[in-house]
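Below you'll find the structure, written out as structure tokens, and then a few comments.
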Amino acid sequence: MAWFEAKNIRREYRLGNSVNVALDGFSLLADKGDFVSIVGRSGSGKTTFLRIVAGLITQTAGEIVYGEDPPPRIGVVFQEPRLMPWLTVEQNVLFAFLKGAKRDIPFARAASLLEMLGLSDYRRAYPNQLSGGMAQRVALGRALCYEPELILMDEPLGSLDYFTRRTLQEEILKLYLLEKKTIFLVTHDVDEAVALSRRVIIADSGRIIGEIPVGLAYPRHRADPEFASLVEHILSHIVG
Ligand SMILES: Nc1ncnc2c1ncn2[C@@H]1O[C@H](COP(=O)(O)OP(=O)(O)OP(=O)(O)O)[C@@H](O)[C@H]1O
Ligand SMILES: [Mg+2]
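So the sequence shown is numbered by my numbering: it starts at 208 and just counts up by one.
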């Protein structure tokens, strides 16, 4: 039995009198420690799929099955950081724990995550004092602080400039290799998908139309001809 299995997921949205089928037989298997990127045109159902896995919405049909009991803890990172403006950087990272008893708050873990993400000097800062890339790093820290086994990222770097994106791609890779999480990453950036993931799946009209394994060793080099040809190969699936 696979660690994660999405079986034939269907999701309909009602739009007035008509029905919009966002997912139509979407199936995916993943092992623990896998890094799967999901690419595909706008409207192909990528966000809908992540939202179902996260439990934010329910599927119309099909099921998500986990090979382990209890099912994994899930952390989510969205395109925008969605930080709480009235909380400091450190409090945002600890957000999931703030309602509990003070002794249960993982301050040490938050501190080491902030260190790893280069945010130690900003732990008392507020979100409006941060750059976009820093805020996105806080969102990453918040997702990781919760110690998820499965991390869902929906275009987490989409709003950032090229250089910040490249730096954060390295951060994500470092965290993946260090913490051995399972990651599903939705991205429009095929280059990013090839740099980071072990497999790239291509979504189209609510189903998966292709799956391309990325066999290159980490860290990957964009100048490597094999890297470039994988990117081209994936793009040809999306465009063609
Ligand atoms: N709340 C909603 N109500 C109605 N239709 C929706 C809703 N959310 C998504 N859809 C529809 O479902 C389909 C899939 O949307 P989804 O957001 O999953 O696509 P996506 O692949 O994430 O696209 P993008 O790359 O633009 O983020 C689209 O046709 C969209 O219009
Ligand atoms: Mg989306």
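The beta-carbon is built from N, C-alpha and C at its ideal position, and this holds for glycine as well.
### Message
Are there any heavy atoms of ligand 1 lying less than 6 Å away from the beta-carbon of residue 227, as far as the coordinates show?
### Response
yes
### Message
Just to confirm my understanding: we take residue 237, look at its own chain, exclude 5 residues before and 5 after, and list those with CB closer than 7 Å. What are they?
### Response
209, 210, 211, 243 and 389
### Message
Does residue 312 come out as helix, strand or coil in the three-state DSSP assignment?
### Response
coil
### Message
I need the straight-line Cα distance from residue 292 to residue 239, nearest angstrom please.
### Response
34 Å
### Message
Once the 5 residues before and after residue 433 are set aside, which same chain residues still bring their CB inside 7 Å of it?
### Response
423
### Message
Between the stretch 217 to 234 and the stretch 410 to 423, can you find at least three pairs of beta-carbon atoms closer than 8 Å?
### Response
yes
### Query
Taking C-beta to C-beta, are residue 429 and residue 420 nearer than 7 Å?
no
### Task
Compute the minimum distance between the beta carbon of residue 394 and the heavy atoms of ligand 2, and state whether it is under 6 Å.
no
### Query
How big is the Cα-Cα spacing for residue 152 and residue 339?
Since the first residue shown for the chain is 208 and the last is 447, residue 152 is missing from the structure and cannot be characterised.
### Helix, strand or coil at residue 535 [DSSP, three-state]
The question about residue 535 has no answer here: the residues shown for the chain are numbered 208 through 447.
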